[in-house]
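Numbering (this note's numbering), first residue to last: 7 to 244. Positions of the beta carbon are idealized from the N, C-alpha and C atoms, including for glycine. It should be emphasised that the depicted structure is a prediction, and the values quoted were computed from it without experimental measurement.
Following this line, the structure appears as structure tokens:
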């Protein structure tokens, strides 16, 4: 996963979407990390990523239409309050921090799992070497037994890190989900107030960033799943 997750380009492509798909409903449909590393199905979020692209493109198109409308000379009190709520710094801060925080989780997971698997592979090579040559007595049984043992250890290692990663990621999901909910409430008030014209640009920016949060969630779920899945099967027996 590369910062900034190549998400900006994702939302600049027009695609047909459905008004029924909201950031919150799609966020909720993104699967959590698997219960077991060796049975992970990391492609489950792919179809959701397509829905995110489509729904985001439609929502942004609607916002751009509002931006193009002629605006009154002044905003109403309710429109002013809606704009003020939307621009609350805490709503911006939680979104800005989300990418940095989850990037650190992914990088840490990748580095820790890679180091653990490198160490395990070195031990496996040593154990296989200890079986001797193919002509050594008991070599086939030793070789087979060692491979089976290290296959199990690879899966145990992957599941150990799945537990560690899962805790940090679950905490991130909970906090960013709360952030998403507050942003959605502010956007709903903004839309209800009927803010149009130049002031609508503020809604467009927040809406874009909100969809990027959902896309970030889907990509991160897939990335972390891949890390533990690859580790679990790194020493599989052909």
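Original post:
So residue 185 packs on residue 74, CB below 8 Å; how close in whole Å?
Top reply: Between residue 185 and residue 74, the beta carbon gap of about 29 Å keeps them out of contact (Cβ cut-off 8 Å).
Subject >> Proximity below 7 Å, CB of residue 92 to CB of residue 212 >> reply: Yes, the pair counts as a contact, with Cβ atoms nearer than the cut-off.
Subject >> Cβ pair residue 37, residue 51 closer than 7 Å >> reply: Result yes, Cβ atoms of residue 37 and residue 51 sit closer than 7 Å.
**OP:** Answer yes or no: do residue 97 and residue 228 have a C-beta to C-beta separation smaller than 7 Å?
**Re:** For residue 97 and residue 228, no; Cβs fall outside 7 Å.
Subject >> Sequence-distant residues of the same chain with beta carbon closer than 6 Å to residue 148, five excluded per side >> reply: Closer than 6 Å at Cβ, skipping near neighbours: 137.
Original post:
Run through DSSP, which three-state label would residue 28 get?
Top reply: Coil, per DSSP.
Original post:
Helix, strand or coil: how does DSSP classify residue 240 here?
Top reply: Of the three classes helix, strand and coil, the one that applies to residue 240 here is coil, per DSSP.
Original post:
To the nearest angstrom, how far is it from the Cα of residue 4 to the Cα of residue 233?
Top reply: Since the first residue shown for the chain is 7 and the last is 244, residue 4 is missing from the structure and cannot be characterised.
Original post:
Taking Cβ to Cβ, would you say residue 85 is nearer than 7 Å to residue 206?
Top reply: The Cβ atoms of residue 85 and residue 206 do not sit closer than 7 Å to each other.
Original post:
alpha helix (DSSP H) containing residue 41: first to last residue?
Top reply: Per DSSP, residue 41 lies in no alpha helix (DSSP H) segment and is marked neither H nor E.
Original post:
Measuring CA to CA, which of 231, 235, 244 and 224 is closest to residue 53?
Top reply: Answer by Cα proximity: 224.
Original post:
Whole beta strand (DSSP E) runs in the region 52-96 with 3 or more residues, listed along the chain?
Top reply: Runs of the beta strand (DSSP E) inside the region 52-96: none found.
Subject >> Sequence-distant residues of its chain with Cβ nearer than 8 Å to residue 230 (five each side left out) >> reply: Once the five neighbours on either side are set aside, the close Cβ partners of residue 230 are 39, 111, 112, 115, 171 and 175.
**OP:** Using the Cα positions of residue 168 and residue 29, report the straight-line distance between them to the nearest angstrom.
**Re:** Using only the alpha carbons, I get a separation of about 27 Å.
Original post:
Would DSSP call residue 231 helix, strand or coil?
Top reply: Here DSSP, grouped into helix, strand and coil, assigns residue 231 to helix.
Subject >> Which of helix, strand or coil DSSP assigns to residue 141 >> reply: In the structure shown, residue 141 sits in coil (DSSP, three-state: anything other than H, G, I, E or B).
Original post:
Closest by CA to residue 131, which one among 157, 217 and 119?
Top reply: Checking every option, the nearest Cα to that of residue 131 belongs to 157.
Subject >> Inter-residue Cα distance where the pair is residue 108 and residue 139 >> reply: Cα to Cα, the separation comes out at about 47 Å.
Original post:
Going by Cα to Cα distance, which pick from 102, 210, 201 and 221 is closest to residue 83?
Top reply: Nearest option by C-alpha distance: 201.
Original post:
Can you tell me whether residue 89 is buried or exposed, with buried defined as 16 or more other CB within 10 angstroms of its CB?
Top reply: The residue in question, residue 89, is buried, as its Cβ has 16 or more Cβ neighbours within 10 Å.
Original post:
Count the other CB atoms within 10 Å of the CB of residue 128; is the residue buried (16 or more) or exposed (fewer)?
Top reply: Under the 10 Å beta carbon count, residue 128 is surrounded by fewer than 16 other beta carbons and is classified as exposed.
**OP:** With a 10 Å radius around its C-beta and 16 neighbouring C-beta atoms as the bar for buried, classify residue 182 as buried or exposed.
**Re:** Taking a 10 Å sphere around the C-beta of residue 182, we find 16 or more other C-beta atoms and assign the residue as buried.
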